[in-house]
Each structure stands twice: as C-alpha cells, then as structure tokens.
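*Asks:* Protein sequences, first through last, are from chains Y and U. Numbering of the first sequence is given in the working numbering, commencing with residue -12 and proceeding in unit increments. Numbering of the second sequence is given in the working numbering, commencing with residue 2 and proceeding in unit increments. Ideal Cβ placement from N, Cα and C applies to all residues, glycine included. Take a look at this one; I'll ask things after.
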Amino acid sequence: MKINKMYSYSLLIPAGLIYGLFFLYPTIMSFFFGFTRWNLTDWEWIGLENYIMFFEESSLMIGFKNTFIFAFLTAGLKVVLGLIFAVLLTAKLRTKRFIRSLVFFPVLVSTIAVGIAFSVLLHPSEGLVNTVLGLIGLNGPDWLGNPNLAIYSVAFVDVWKGVGIATVIFIAGMMSIPVDYYEAHQMDGGNKFNAFWHITLPLSRPAINAVIILALIGGLRTFDLVWAMTGGGPGFSSDLIASIIYKQYQAGFYGLSTAGNVLLFLMVAVIVFPIFKYLNRKEVDL
Amino acid sequence: MSTQHEIMRKEKRKKSRIRLIVESLIVIVFSAIFLVPFYFIIVNAMKTSPEASKLSISWPTEFRILENMQEVLAARDNMLLLAFFNSTVITVISILILLVVGSMAGFVLQRRKGKSINIIGSTFLAGLMIPPAVVPTIWVLEQFQLFKTFPGIILVMVAISIPFSIILYTGFIATIPKELDEAAIIDGCGGFRLFFSIIFPMLKPIHSTVIILNAVQIFNDFVHPLYFFPGADNATVQLTLYNFMSMYSTDWNLLFANVLLITIPPFILFLIFSEKIVAGMTAGSVKG
C-alpha cells in the first residue's frame, strides 16, 4: 500500500489532461452534437434527423458499404499476403534482409505521396500498369475512373503500402516458434507443407489476431489514401465514411459530419470489439 | 567411387543452380512490385516537363533534378520551405511532450495495481481504436482559442499519439525490476524523484523508439493538419504536397520532385533505424 503511494496518480495528470481534453472530451461531445444542427457557436437540437439523412441519402449510404468492403478486403489480403511473405522471408534466402526492407519501406512513406504516385501509375492510357498489361496483350481497365472499380484499386494500393507491417509482425511471431517443433515434425516424417498447417499457422495465431485487428481498425478509418487517389469519386462511388465526414465538414454541415463520426465510432465498436473478443477467447482455448 | 562422387557433385551443383534461379525470381518479382514505383518517381523527378509527361520509366535524357527541386522549393513564395519548417516544429515539440508525459503515465500504469488503474489504462488504450471526433475537436480548440495555432495542432497530435507511446513505455518498464524502486524509496526518494532521476534515464532505448515511430507518423500526417491547422501560413509538408497535386497536374517532373523531397526524411530514418522501427512496431502491435 505504501509502495502504491510512490506511483502517485499525479504522474498521470499531464497525459490524462491532454488526452482527456483533446481526445476523450470531443469524442463524448460528438454523441451530443450528432443530434444537432450547429455552427460551432450555436446549436439546435434536431433529434435523429442527421442519422436519418445518412441512411436515406444513397450518396451517404454508399460510404458504409465501401468502408465495410475496404476494411475487410484490405485486412484479409494483408493477412494472406503477409503470411506468404513471412514464410518466404523466414526461409533460407540469402536476400531476405533486402526483400524485407523492400516490403517494409512503403509503410514509412507518406500516404499522400503513395497516393499520387499510384494515381499516375494507374493512369488508364499512359500509366505503367496498363502499359505492362498491354505488353502481354491485356487491355487494362480505367482503374480509378471506373465507378465499379475505383474503391478496389484504392484498396490494392492500401495493401501495397501496409502489407509490410503485417509481414514483420508475422516474421516476429514465426521467429519465436522453437526450432525443436519443426525438427520433431521432420523426424515423424512430416513434410514442409504439413509443418506450415500444423505448426506455423496455429502458433502464429497471436500475430494473426494482432494483424486482423490492426488492419480492420486502420481500414475502417482510412481517409487520406482515398482522398489523394479519387477524392471519393467518380461521383460518390469510392467514398468512405471518413471522406464523407470531411466533405460534410467542408460544406459546413457540422452536425451531419459529427453524426458521421459517431457512426464510424459505432461501426468500429460493433465490428472490432466482437472480433477482438472472439479471437482472444480462441487463443485461451488452445 | 570417383563416379559416385562425381554424380553427387553434379547433383549438388544442379540443386544450387535451381536455388539461384528461384532466388533471383523472388528478388525480381518483389523488386517489380515494391521498387519500381519508387524508381518511377525518381527518374521522373529528374526529367524535363515534356519528357516526364510521357509517364515512362525510361532513363532521363537530360538531368534536371536540381533545377526541379529548386523550382518546387521556390513555388508560391517558398511554400514548401515554410511547410518543412512548420512540420518540423510540430513534430519536434509534440515528441518532446510525448516523451515526458507518456513515460510518466506509462510508469504509473505499469507499476500500480488495482481496479481503478486498470480502468484508466483501458481508457487510454481505447484511443487506439476510436476515430478522433473531428468537428467537436475543432470546437474544443476554439474554446481555448487554439484552433489554427501551433499549440492547438501540437496538443491534438500529442493526444492521439499518447496511447501507442504508453504501450511502448509500459512494455519496457515491465522489464525494470521493482526492487530498484524499493531501494530508492528506502534511500528516501519521493515518487517524482524516483521517476525523474532513476527511471526516466533508464528508458533511453525505448525513448528512441518512441521518437522514431512518432517522427515518421507525425511528419507524414495529412489528416490532422488538414482539419486542425488550416490556412496558407500554416502549410505542412503533406498538405502542401496535396495542394501541389492540382497545381502541377501538367508538370509531373515537379510533382515527383516534390514527392521525392518529402520522402527523403523518412528514408534517412529508415536507413539508420530500420531494425528499431520494425522492433517497435511489432512489439507495440502484439501487445495492443
């Protein structure tokens, strides 16, 4: 008890004050302002109107669908590709350090820079991607100009930029698996493919869970990449909730923008919390 | 004997040759996917405007890299230079604050036991998941007259970076034996002195991780300056790049020179600290 006194709460005050005032307080207040029409000084209570608008306007509704697709597609691809890369990069490759650096570096590059570079690479007629496809006789689509395709193109660029984190997390997980397990497996006559299914995959579970959760949270909140590549277009076809929040804010609809924030919060809570609980329960069962 | 030996050697050579082919294939595929975009940016940043407009990956016929960079830096009354200055100020001050308040909080959160401290801890961690509430944050900043000011954007950056920094600190502090604290107490150290004169200096390795990870994050941030630090004088690096995108829509060489310029700082950090960055990111994520 006396010891606890040494770890005085007063050491928590600066962090608590900044975090409380500039993060928690606005978050709590968003639940109130989502029910209002306001201009930062005056507010008028309008009940559920903002939320009803979100579900009735098809241009707003599309943001939900896109955010959902974007988050799950990018998270899924990051897990699958990250696992493949990690298996390759923990094998006896002489160039593995070089390749690991290649895969990881985009993580550190600014999203806007990546977005700009890829909007040029994906240019329908002159872009490098379609030029290469043309060389092998394929007619590449208008990646960012086709409303049915734009959100998927952005998602692939997001995976390109973010798969490095998943890869290094998986590598760290795989490196911590004792070599004995693989040796025992080999002595029992098992092959490498089986070793992956029966040793590597189950023992990478904590790393896989971490990647799923991280990627989902990141994907649900994505804004800058979509903004740099398509601006939500063509039309509203590649809008995400986060880009809608920005557009409504720019247009001066602060209440509507805040309602979007609340909906994004709820979406994260409804999707991520249950998955987090589910994944962690399984971990205990093992 | 000798023929058997020969066969074995041949087999070995064949195997190593297959190995070499497979390895080269892997390197080629990964380079094509992850290196070509950067190569594309670099060669086009060096070209003249008409040559860059072809959007090809060919080697430049005329090198204009220095002229391009000069032109980009001088554009709009040296806007990019101002942006570099602003982004550096925001990054450095935010990190200095984070180091002190983050480690203090991490220390108490790791050492204290009990229900109330657990609740406080999870409240901090919730910040990793919750998307920041945009307009209400502007509203709070306005109340303190901090909207569009350096202190305003810095406090917001610190607030959103605190959760991850706390994870890094608690993870590291857990490896410092508690006996050390007890010895200090017996020597008559108070809580604050225990932390600042004994614990804080021991955190050097994790301080550097916190510095590097947050430097990359804050310097590269686009969203928060866009919302909380608008205005022409308040240019930040990423925002400037975004605005130049429409301005240079015909001069790809200048746009890519700009991209190249702002990618240099993270690239240098990566060259020097890649191991530390990777370790910090994996440690933080697995615990979170």
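Starting from Arg24 (chain Y), follow its DSSP beta bridges and name the residues at the other end.
*Replies:* BP columns for Arg24 (chain Y) point to Y:Glu31.
*Asks:* Does any residue of chain Y have a CB that is nearer than 9 Å to the CB of Phe271 (chain U)?
*Replies:* Chain Y contact via Cβ: present.
*Asks:* Quick check on Tyr139 (chain Y) - is its C-beta less than 9 Å from some C-beta in chain U?
*Replies:* No, Tyr139 (chain Y) lies away from the interface with chain U (no Cβ there is under 9 Å from its Cβ).
*Asks:* Considering Ser247 (chain U), what are the terminal residues of the alpha helix (DSSP H) in which it resides?
*Replies:* Its alpha helix (DSSP H) spans residues 238 to 248.
*Asks:* Please report the straight-line C-alpha distance between Val354 (chain U) and Lys179 (chain Y), rounded to a whole angstrom.
*Replies:* Lying before the first or after the last residue shown, residue 354 (chain U) is absent from chain U, which here runs from 2 to 289.
*Asks:* Taking Val74 (chain Y) as the query, report the chain U residues whose CB atoms sit under 9 Å from its CB, ordered along the chain.
*Replies:* Residues of chain U passing the Cβ test: none, with the nearest at roughly 12 Å.
*Asks:* Using 10 angstroms around the beta-carbon of His225 (chain U), count the other beta-carbons present and answer buried if the total reaches 16, otherwise exposed.
*Replies:* With 16 or more Cβ atoms within 10 Å of its Cβ, His225 (chain U) is classed as buried.
*Asks:* Less than 9 Å between the C-beta atoms of Met16 (chain Y) and Ala134 (chain U), yes or no?
*Replies:* Yes, they are a contact pair.
*Asks:* Answer yes or no: do Leu110 (chain U) and Thr171 (chain U) have a C-beta to C-beta separation smaller than 9 Å?
*Replies:* Their beta carbons are under 9 Å apart, which means Leu110 (chain U) touches Thr171 (chain U) by this criterion.
*Asks:* Mark Thr176 (chain U) as exposed unless 16 or more other C-beta atoms lie within 10 angstroms of its C-beta, in which case mark it buried.
*Replies:* Per the 10 Å Cβ criterion, exposed.
*Asks:* Expressed to the nearest angstrom, what Euclidean distance is found between the alpha-carbon atoms of Gln71 (chain U) and Tyr12 (chain Y)?
*Replies:* Near 44 Å, if we compare the C-alpha coordinates of Tyr12 (chain Y) and Gln71 (chain U).
*Asks:* With a cut-off of 9 Å, does the C-beta of Phe64 (chain U) fall near any C-beta of chain Y?
*Replies:* By this cut-off, Phe64 (chain U) is not an interface position.
*Asks:* Determine which residues of the segment 19 to 49 of chain Y have a Cβ less than 7 Å from any Cβ of chain U, and write them out in chain order.
*Replies:* For the segment 19 to 49 of chain Y, which is checked against every Cβ of chain U, the residues closer than 7 Å are Phe20, Leu27.
*Asks:* On the premise that Leu131 (chain Y) lies in contact with Thr61 (chain Y), defined as a C-beta separation below 8 Å, what is that separation, rounded to the nearest angstrom?
*Replies:* Not quite, the Cβ-Cβ distance comes to about 17 Å (not below 8 Å), so this is no contact.
*Asks:* For Lys179 (chain U), which three-state DSSP category applies?
*Replies:* Looking at Lys179 (chain U) - three-state DSSP - the assignment turns out to be helix.
*Asks:* Please report the residue range of the alpha helix (DSSP H) in which Gln218 (chain U) lies.
*Replies:* That run of the alpha helix (DSSP H) goes 205 to 221.
*Asks:* Distance, Cα to Cα, Ala233 (chain U) vs Tyr(-4) (chain Y)?
*Replies:* Approximately 41 Å between the Cα atoms of the pair.
*Asks:* State yes or no: is the C-beta of Thr138 (chain U) within less than 9 Å of the C-beta of Phe10 (chain Y)?
*Replies:* Cβ atoms of Thr138 (chain U) and Phe10 (chain Y): closer than 9 Å.
*Asks:* Going by Cα to Cα distance, which pick from U:Gly107, U:Pro266, U:Pro267, U:Leu97 is closest to Ile167 (chain U)?
*Replies:* Cα-wise, what sits closest to Ile167 (chain U) is U:Gly107.
*Asks:* Can you find a C-beta in chain U that's less than 9 Å from the C-beta of Ala229 (chain Y)?
*Replies:* Output row for Ala229 (chain Y): interface = yes.
*Asks:* With respect to the alpha helix (DSSP H) encompassing Ser88 (chain U), which residues constitute its N-terminal and C-terminal limits?
*Replies:* Segment 66 to 112, the alpha helix (DSSP H) holding Ser88 (chain U).
*Asks:* Less than 7 Å between C-beta atoms, sequence neighbours within five positions excluded: which residues of the same chain meet that for Leu70 (chain Y)?
*Replies:* Hits under 7 Å: Phe157.
*Asks:* Alpha carbons only, please: which of U:Asn244, U:Ala76, U:Pro231 is nearest the one belonging to Ala215 (chain Y)?
*Replies:* That would be U:Asn244, whose Cα lies nearest to the Cα of Ala215 (chain Y).
*Asks:* Is Arg112 (chain U) close to chain Y? Criterion is C-beta to C-beta, closer than 9 Å.
*Replies:* Chain Y contact via Cβ: present.
*Asks:* Look at the alpha carbon of Arg20 (chain U) and the alpha carbon of Ile27 (chain U), and state the distance between them as a whole number of angstroms.
*Replies:* Approximately 11 Å between the Cα atoms of the pair.
*Asks:* If I measure Cβ to Cβ from Ile199 (chain Y) and keep anything under 8 Å in the same chain, skipping five residues before and after, which residues do I get?
*Replies:* Closer than 8 Å at the Cβ level, and outside the excluded window around Ile199 (chain Y), lie Ala62, Val66, Ile262, Leu266.
*Asks:* If I follow the unbroken alpha helix (DSSP H) through Glu170 (chain Y), where does it start and stop?
*Replies:* First-last of the alpha helix (DSSP H) with Glu170 (chain Y): 166 to 174.
*Asks:* Spatial neighbours of Pro202 (chain U) within its chain, please: CB distance less than 8 Å, with the 5 preceding and 5 following residues excluded, ordered by chain position.
*Replies:* If we look at Pro202 (chain U) and ignore the five residues flanking it on each side, it has no Cβ neighbours.
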